[in-house]
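**Q** Here you go, one structure.
In the UniProt record's numbering, the protein residues as written are 1 to 64.
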């Protein structure tokens, strides 16, 4: 997250007094799996991450 924030600040994309929502699409969050995680769970999570990156999931609609 810090790398994303610093890079965006240096590029002039971040200004003061703002709330910026970042996460999967910006590469901030990514799942890490252990060898004990079932393949079905890994596949489902990876599909969800790709859907978030593609913008096909509206998280605000799900959680507001």
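Glycine residues also receive a C-beta, built at the ideal position from the N, C-alpha and C atoms.
Nothing here was measured: the structure is a model prediction, and the numbers come from that model.
Take residue 33 and list the residues in its own chain whose beta-carbon comes closer than 7 Å to its own, dropping the five residues that flank it on each side.
**A** As a first step, residue 33 must be located in the chain shown, where it is residue number 33. Cβ within range, chain order: 42.
**Q** What residue from 23, 13 and 19 has the CA that sits closest to residue 49's CA?
**A** For the purposes of this step, residue 49 is identified with residue 49 of the chain shown, where counting begins at 1. Out of 23, 13 and 19, 23 has the C-alpha closest to the C-alpha of residue 49.
**Q** Can you round the beta-carbon distance between residue 40 and residue 4 to whole angstroms, since I take them to be within the 8 Å contact cut?
**A** Within the chain shown, the letter at position 40 stands for residue 40. Within the chain shown, the letter at position 4 stands for residue 4. Rounded, the Cβ-Cβ distance is 31 Å, inconsistent with contact.
**Q** May I ask which residues mark the beginning and end of the alpha helix (DSSP H) holding residue 2?
**A** Here residue 2 corresponds to residue number 2 of the chain shown, with the count starting at 1. Counting along the chain, the alpha helix (DSSP H) containing residue 2 begins and ends at 2-10.
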